[in-house]
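**Student:**
Chains as they are written, first to last, in my numbering: chain A, 1 to 461; chain B, 1 to 461.
1) What are the residues of the stretch 296-314 of chain B that lie near chain A, defined by any Cβ-Cβ distance shorter than 9 Å?
2) With DSSP collapsed to three states, give me the class of residue 239 of chain A.
3) Going by DSSP, what residue range makes up the alpha helix (DSSP H) through residue 3 of chain B?
4) How about residue 19 of chain B and residue 125 of chain B: do their beta carbons lie closer than 8 Å?
5) Just reading off the alpha helix (DSSP H) that residue 143 of chain B is part of, what are its end residues?
6) For residue 231 of chain B, collect the residues of the same chain with a Cβ closer than 7 Å to its Cβ; drop the 5 residues on either side in sequence, then sort them by chain order.
7) One question on the structure: do residue 338 of chain A and residue 408 of chain A come within less than 8 Å of each other, judged by their Cβ atoms?
8) Let me know the alpha helix (DSSP H) ranges lying completely inside the stretch 39-74 of chain A, each 4 residues or longer, listed in chain order.
9) Taking a Cβ distance cut-off of 8 Å, strictly less, list which residues of the stretch 274-295 of chain B are near chain A, in chain order.
10) Does any CB atom of chain B fall closer than 8 Å to the CB of residue 218 of chain A?
11) From which residue to which residue does the alpha helix (DSSP H) around residue 218 of chain A run?
12) On the criterion of 16 or more Cβ atoms from any shown chain inside 10 Å, does residue 395 of chain B qualify as buried, or is it exposed?
13) Can you tell me which residues form a DSSP beta bridge with residue 412 of chain A?
14) For the stretch 57-71 of chain B, which residues have a beta carbon sitting closer than 7 Å to at least one beta carbon of chain A?
15) State yes or no: is the C-beta of residue 464 of chain B within less than 8 Å of the C-beta of residue 291 of chain B?
16) Who pairs with residue 435 of chain B in a beta bridge, going by DSSP?
17) Beta carbon of residue 101 of chain B, beta carbon of residue 243 of chain B: below 8 Å?
18) Taking DSSP as the reference, what is the three-state secondary structure of residue 113 of chain B?
19) On the criterion of 16 or more Cβ atoms from any shown chain inside 10 Å, does residue 25 of chain A qualify as buried, or is it exposed?
20) Are three or more beta carbon pairs between the stretch 68-77 of chain B and the stretch 32-44 of chain B nearer than 8 Å?
21) Residues of chain A with CB closer than 7 Å to the CB of residue 54 of chain B, please, in chain order.
22) Distance check for residue 320 of chain A and residue 367 of chain B, CA to CA, integer angstroms please.
23) Return no unless some Cβ of chain B is closer than 8 Å to the Cβ of residue 133 of chain A.
24) Considering just the uninterrupted stretch of the alpha helix (DSSP H) at residue 83 of chain A, what are its terminal residues?
25) Report all residues from its chain with a CB closer than 7 Å to the CB of residue 313 of chain A; omit the five preceding and five following residues, and keep chain order.
26) Which residue's Cα is closest to the Cα of residue 11 of chain A: A:1, A:55, A:50?
27) Compare the beta carbon distance of residue 49 of chain B and residue 262 of chain B with 8 Å and say whether it is the shorter of the two.
28) Run through DSSP, which three-state label would residue 162 of chain A get?
29) Can you confirm whether residue 142 of chain B, when its beta carbon is compared against all beta carbons of chain A, has any partner nearer than 8 Å?
30) Count Cβ pairs between the stretch 375-387 of chain B and the stretch 192-202 of chain B that sit closer than 8 Å; are there 3 or more?
31) Are the C-beta of residue 47 of chain A and some C-beta of chain B separated by less than 8 Å?
32) Could you check how far apart the C-beta atoms of residue 372 of chain A and residue 83 of chain A are, in whole angstroms? I think they sit under 8 Å.
33) I'd like the list of long-range same chain contacts for residue 110 of chain B, defined as Cβ closer than 7 Å, with 5 residues on each side in sequence excluded.
34) Start and end of the alpha helix (DSSP H) containing residue 394 of chain A?
35) Touching or not, the stretch 292-303 of chain B and the stretch 320-337 of chain B, by the rule of three or more beta carbon pairs under 8 Å?
36) Residues of the stretch 156-175 of chain A with a CB closer than 9 Å to any CB of chain B: list them in chain order, please.
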């Protein structure tokens with residue numbers, strides 16, 4: 001109760017502080033609402049659904065947002081893609097196909113939980129260049145992680161979730177950030193960033209991106225799962241018998257059932273359609289709608305199954321709201337204002353110091369964003385420009401900010417749309433992400449800024 | 001399988017028929033998609049969720065609608081209001097308050113199922129003038145109907161649903177159409193209709209509306225529950241012991257629990273806020289969001305409870321899609337085009353014939369609409385103008401069309417946003433509404449056109 005009161009007082013104080021010169025009062029009020037909403041999750045005053053709903057209510061009742069603006073996130077393609085991916089993932093699990101793929105993975109890599117974590121990450125890193133939507137990729141990986149956890153008797157919303165599932169979910173979740181940083185084509189906003197960098201005379205393409213990225217990203221991919229293993233450990237670490245048992249299970253299962261066949265075909269179709277969606281400019285969300293429609297029409301996933309998936313709705317509600325609040329904060333000019341202020345502060349600093357401050361602030365800023373795309377579009381140009389004026393080597397700064405746009409994805413639960421499936425799985429609590437995601441982001445920052453910077457200086461001197 | 005193929009062939013034929021002169025090809029294609037979607041539900045080729053998803057997918061992949069247009073329904077205030085009302089209703093039931101109110105009703109009116117149906121309808125007719133949103137009203141009545149059914153051991157998605165729940169749900173659902181027809185202020189679009197009628201020189205206000213409406217509406221309210229009782233009968237008709245048992249249960253329950261108290265306060269707040277929302281121009285949907293937020297924050301309704309409410313999501317998906325398809329059909333001019341064509345056909349007919357044709361076509365047109373508001377805004381003016389030119393007495397026609405805008409609400413499952421809670425309850429199948437809702441609409445049409453017309457001719461001669 002005390003926490004609730006303190007958070008509300010904090011919000012009220014912020015609200016009544018006059019907006020700093022140059023910031024629209026409406027933007028300031030929205031900032032007060034948004035940051036109070038986030039803090040009430042961080043400090044566990046309210047759960048993320050309640051906090052978001054109150055954020056929405058206050059933004060409408062105070063007239064800060066019009067109802068039609070405040071509700072707009074609910075029809076955003078990304079939000080609907082997440083909802084569809086969530087339901088499709090459940091169908092993949094229910095059909096038995098998820099279990100089969102999981103058993104195949106366990107039979108190869110299942111001696112240790114850490115080994116499973118690494119194998120999940122390796123899979124992601126390899127398939128990533130074909131998936132320009134990291135959200136779609138999370139829709140492919142999530143059901144496999146889910147099935148691996150279930151096959152090891154680690155169940156969601158249950159004490160056994162910490163046995164293995166929470167760890168694997170977490171590794172796969174932040175792994176998507178790393179795989180997105182590795183390839184120009186692994187994340188929708190990377191090419192947009194390259195285009196913005198181009199306006200500053202930098203030529204960033206598929207080839208020099210992978211050259212720049214592979215050293216710090218692979219180091220992170222090797223180090224960070226082990227870090228997570230220490231700070232957010234699975235209760236069950238060694239499962240020497242698991243591969244043999246998995247093989248037995250597989251031979252008991254026999255050949256694919258009708259439902260598995262249908263799911264395999266639909267799933268392969270989704271993989272293909274998502275991979276080719278940019279070439280043929282097909283909307284990614286409608287592909288997901290079609291996939292779900294086929295799975296329900298063929299009774300692989302039934303109406304009774306959907307009736308149990310209220311979690312998808314609750315996730316949709318909180319994510320749509322946070323997404324909208326952050327979008328309007330950006331639209332109202334709050335983000336660029338702070339970016340511009342920062343650029344002024346950098347005048348006269350040595351470039352290495354300016355570089356560190358810029359990247360650190362860029363990463364910290366992600367607490368305010370509910371979309372990597374929105375973050376990059378709002379701030380990447382501002383920060384790149386400010387850094388170049390301050391004498392930071394342009395390629396160094398550009399690549400580092402582009403990598404950061406991906407590796408900071410787990411700094412908050414809502415930091416990336418591809419976190420959402422993992423968090424709504426019932427294996428990871430939103431509050432936990434603030435702690436462990438924050439730590440992992442810090443570690444990524446340190447690796448990229450040290451090894452990554454050294455490598456970039458070597459290659460792009 | 002044959003049905004699926006036939007429906008698809010029908011849709012393809014319609015698609016490739018050239019658009020009639022004067023209709024935009026895009027509007028014609030959308031019409032083909034929409035009507036095929038509806039038919040595949042009517043003829044049970046697909047369930048309403050699958051049919052709607054395929055409708056959405058086809059409309060996007062063929063380029064008939066842009067993705068951003070096709071998804072727009074998901075952020076519509078009415079859709080979100082339904083989702084919130086759905087969850088709040090579940091909280092009212094879970095808290096025990098719904099059960100208490102239900103037991104109070106049963107202890108008074110519970111000797112027969114028909115008696116309960118009448119008492120529900122009477123409640124609605126009496127509270128309606130204070131509720132300009134019939135959707136909000138459905139959010140208040142639905143949990144009570146649900147609890148009455150549950151208290152009589154009639155459970156949703158279960159054979160026992162037909163014992164009592166299906167009947168009561170159906171009576172309450174179409175009862176909202178009648179209560180909305182009775183009062184100018186019982187439905188958001190009634191005043192808009194009065195304003196349009198004013199452009200034709202007609203003065204429609206609270207007083208002459210109730211004068212015009214009470215005779216046919218009360219006759220319908222007396223006759224139609226009995227009609228439903230015959231065509232869609234409850235398996236359990238007499239429960240002579242129920243009132244006594246209900247009283248016993250009530251005394252066993254003792255005084256209100258913590259959860260009941262909180263729910264009662266929140267529920268009363270909702271009643272008040274919805275009733276006053278037009279006076280203070282408060283968004284009705286945000287009131288519902290606040291109500292849910294309070295119930296979750298106080299743990300009356302928990303995250304575990306929401307996890308089970310996948311039905312709300314599935315309802316949201318199909319209703320948002322149908323709503324959007326219909327909205328764009330109207331936006332693309334399809335509706336007014338057909339209305340104009342009709343007006344041409346009426347030239348030279350006697351006015352009574354023109355009157356009957358106009359009202360009948362106006363009612364049948366509702367198969368194409370997923371919103372009473374959209375229907376009235378698209379067609380009321382066109383039909384009123386055509387009828388006045390054909391010599392139909394203006395007040396007679398205006399009132400009859402305004403009443404029809406309300407009593408045709410159950411002609412399809414998606415015919416009114418206030419049907420949605422009832423249909424997603426698990427007591428009524430969407431397909432059943434096409435049959436029984438169609439019959440009840442026909443009966444309403446006959447009562448209003450005979451008794452109602454005679455009364456209107458007497459009063460507004």
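Even glycine gets a Cβ: it sits at the ideal position worked out from N, Cα and C.
**Tutor:** In terms of the structure at hand:
1) 296, 297, 303, 304, 305, 306, 307, 308, 309, 310, 311, 312, 313, 314
2) Position 239 of the first chain, counting from 1, holds the residue named residue 239 of chain A. Looking at residue 239 of chain A - three-state DSSP - the assignment turns out to be coil, as it is neither helix nor strand.
3) By one-based count along the second chain, residue 3 of chain B stands at place 3. Where residue 3 of chain B is concerned, the enclosing alpha helix (DSSP H) stretches over 2-16.
4) For the purposes of this step, residue 19 of chain B is identified with residue 19 of the second chain, where counting begins at 1. For the purposes of this step, residue 125 of chain B is identified with residue 125 of the second chain, where counting begins at 1. No. Outside cutoff.
5) Residue numbering aside, residue 143 of chain B sits at position 143 when the second chain is read from its first letter. First-last of the alpha helix (DSSP H) with residue 143 of chain B: 134-151.
6) Indexing the second chain from 1 puts residue 231 of chain B at position 231. 436, 439.
7) The residue you call residue 338 of chain A lines up with position 338 of the first chain. The residue you call residue 408 of chain A lines up with position 408 of the first chain. Against a cut-off of 8 Å, the Cβ pair of residue 408 of chain A and residue 338 of chain A comes out as no contact.
8) 48-61, 67-70
9) 282, 283, 285, 286, 289, 290, 292, 293
10) As a first step, residue 218 of chain A must be located in the first chain, where it is residue number 218. No, residue 218 of chain A lies away from the interface with chain B (no Cβ there is under 8 Å from its Cβ).
11) Numbered from 1 along the first chain, position 218 holds the residue referred to as residue 218 of chain A. Residues 206-231.
12) For the purposes of this step, residue 395 of chain B is identified with residue 395 of the second chain, where counting begins at 1. Residue 395 of chain B is buried by the Cβ-count criterion.
13) Within the first chain, residue 412 of chain A is the residue found at index 412, counting from 1. Bridge partners of residue 412 of chain A: none, in fact.
14) 57, 60, 61, 67, 71
15) There is simply no residue 464 of chain B to check, as chain B begins at 1 and stops at 461 in what is shown.
16) Along the second chain, one-based indexing puts residue 435 of chain B at 435. Looking at the DSSP assignment, residue 435 of chain B forms no beta bridge with any residue, so it has no partner.
17) Residue 101 of chain B sits at position 101 when you count from the first residue of the second chain. Residue 243 of chain B sits at position 243 when you count from the first residue of the second chain. No.
18) Reading the second chain from its first residue, position 113 is the one you call residue 113 of chain B. Correct three-state label for residue 113 of chain B: helix.
19) One-based indexing of the first chain puts residue 25 of chain A at position 25. Exposed: under 16 other Cβ atoms inside 10 Å.
20) no
21) On the second chain, residue 54 of chain B is found 54 positions in, with the first residue counted as 1. Per Cβ cutoff of 7 Å: 293.
22) Your numbering for residue 367 of chain B matches position 367 in the second chain. Your numbering for residue 320 of chain A matches position 320 in the first chain. If I take the Cα positions, the gap works out to 32 Å.
23) Sequence index remark: in the first chain, residue 133 of chain A carries index 133 (1-based). It does not: the Cβ of residue 133 of chain A has no partner Cβ on chain B nearer than 8 Å.
24) Numbered from its first residue, the first chain carries residue 83 of chain A at position 83. Counting along the chain, the alpha helix (DSSP H) containing residue 83 of chain A begins and ends at 77-95.
25) For the purposes of this step, residue 313 of chain A is taken as residue 313 along the first chain, with counting starting at 1. Excluding sequence neighbours, residue 313 of chain A sits near nothing in its chain.
26) In the first chain, counting from the first residue as 1, residue 11 of chain A sits at position 11. Considering only alpha carbons, the answer is A:55.
27) Translated into the one-based positions of the second chain, residue 49 of chain B becomes position 49. Translated into the one-based positions of the second chain, residue 262 of chain B becomes position 262. No. Outside cutoff.
28) For the purposes of this step, residue 162 of chain A is taken as residue 162 along the first chain, with counting starting at 1. Note: residue 162 of chain A maps to helix in three-state DSSP.
29) Working through the second chain from its first residue, we reach residue 142 of chain B at position 142. Closer than 8 Å: no.
30) yes
31) Looking up residue 47 of chain A in the first chain gives position 47. Yes, its Cβ sits closer than 8 Å to a Cβ of chain B.
32) Against the first chain, residue 372 of chain A aligns to sequence position 372. Against the first chain, residue 83 of chain A aligns to sequence position 83. Actually they do not touch by this definition, with Cβ atoms about 19 Å apart.
33) In the second chain, the residue the question calls residue 110 of chain B occupies position 110. Contacts found: 116, 239, 242, 243, 246.
34) Stepping through the first chain from its first residue, residue 394 of chain A is reached at position 394. Element bounds for residue 394 of chain A: 394-407.
35) no
36) 157
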